[in-house]
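In UniProt numbering, the protein residues as written are 1 to 212.
Backbone N, C-alpha and C fix where the C-beta goes; we use that ideal spot for every residue, glycine too.
Here the structure is laid out as structure tokens; the discussion comes afterwards.
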Ligand code: PRP
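Encoded structure:
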């Protein structure tokens, strides 16, 4: 018998792209799935349950085993070390992590301030560059920080580049390319190995086809 699989996913764009991948992989999902405000979505025909979470929280649900698998951005995986397996690069929601700031800003020589949602990634990056910085953790709208004098630079996700452009900021350094990953809870992988292997194989095939 097929086991029920609980999948944690972020709401919004990643959900839409991931749902499309799952459909291409042969899972029949109801059309209205994307429009729902429900946080738990059951698809009984496919033995699937979706938990819709904040992007940064997906790994928490999977690590604690309340979701068997999850779809999480590489940015989230880089920020927090979690006891989960990263099994497949889904190659969706492509973007990159970058350092940005106002053009031609004179940087504070002594520990410039860097605002970010990713304090661990930013600390590691600047440490590797041999730069001493002060990290200021924000939860969103990071681009505000240099505009109002809270920080000299930011470390944030750049997708289309529109947010930077419309706020008069420029990209200064490229940190890492980001895509969404399929992650698995280690215990679930043992208990539901067949169901999870099938999901991984079917998705891997679609990802490969999409790249051709
Ligand atoms: C993300 C990111 C940037 C923006 C980049 O923010 O933090 O602000 O998207 O996208 P763009 O390059 O296509 O403009 P999100 O929408 O997740 O909101 P947040 O700023 O509140 O985190």
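Look at the alpha carbon of residue i and the alpha carbon of residue j, and state the distance between them as a whole number of angstroms.
i: residue 180; j: residue 190; result: 23 Å
i: residue 70; j: residue 40; result: 14 Å
i: residue 45; j: residue 142; result: 41 Å
i: residue 48; j: residue 98; result: 36 Å
i: residue 3; j: residue 116; result: 40 Å
i: residue 105; j: residue 29; result: 50 Å
i: residue 51; j: residue 32; result: 15 Å
i: residue 60; j: residue 184; result: 11 Å
i: residue 120; j: residue 21; result: 30 Å
i: residue 76; j: residue 148; result: 27 Å
For residue i, does the count of other Cβ atoms within 10 angstroms reach 16, so buried, or fall short, so exposed?
i: residue 182; result: buried
i: residue 152; result: buried
i: residue 82; result: buried
i: residue 74; result: buried
i: residue 175; result: buried
i: residue 159; result: exposed
i: residue 100; result: buried
i: residue 196; result: buried
i: residue 188; result: buried
i: residue 53; result: buried
i: residue 7; result: buried
i: residue 146; result: buried
i: residue 186; result: exposed
i: residue 154; result: buried
Under the DSSP definition of a beta bridge, which residues are partnered with residue i?
i: residue 42; result: 49
i: residue 141; result: Paired residues: none, contrary to the question.
i: residue 76; result: None, per the DSSP bridge assignment.
i: residue 57; result: Per DSSP, none; premise fails for residue 57.
i: residue 85; result: 184
i: residue 97; result: 157 and 176
i: residue 70; result: 8 and 183
i: residue 136; result: 115
i: residue 28; result: DSSP, once it has assigned bridges, lists no residue as partnering residue 28.
For the beta strand (DSSP E) that residue i lies in, which residues bound it at each end?
i: residue 7; result: 5-10
i: residue 195; result: Run containing residue 195: none in the beta strand (DSSP E); it sits in the alpha helix (DSSP H), 193-211.
i: residue 113; result: 113-116
Along the chain, where does the alpha helix (DSSP H) containing residue i start, and where does it finish?
i: residue 125; result: 119-128
i: residue 164; result: 162-166
(message) Between the region 92-107 and the region 2-17, can you find at least three pairs of beta-carbon atoms closer than 8 Å?
(response) Two segments are said to touch when three or more pairs of C-beta atoms, one from each, lie closer than 8 Å; by this definition the region 2-17 touches the region 92-107.
(message) Residues around the ligand SAH, please: the ones whose beta-carbon is closer than 5 Å to some heavy atom of it, in chain order.
(response) Ligands in the displayed structure: the ligand PRP; the ligand SAH is not one of them.
(message) Does the region 58-72 come into contact with the region 192-203, if we say contact requires no fewer than three beta-carbon pairs (one atom in each stretch) closer than 8 Å?
(response) The region 58-72 is in contact with the region 192-203.
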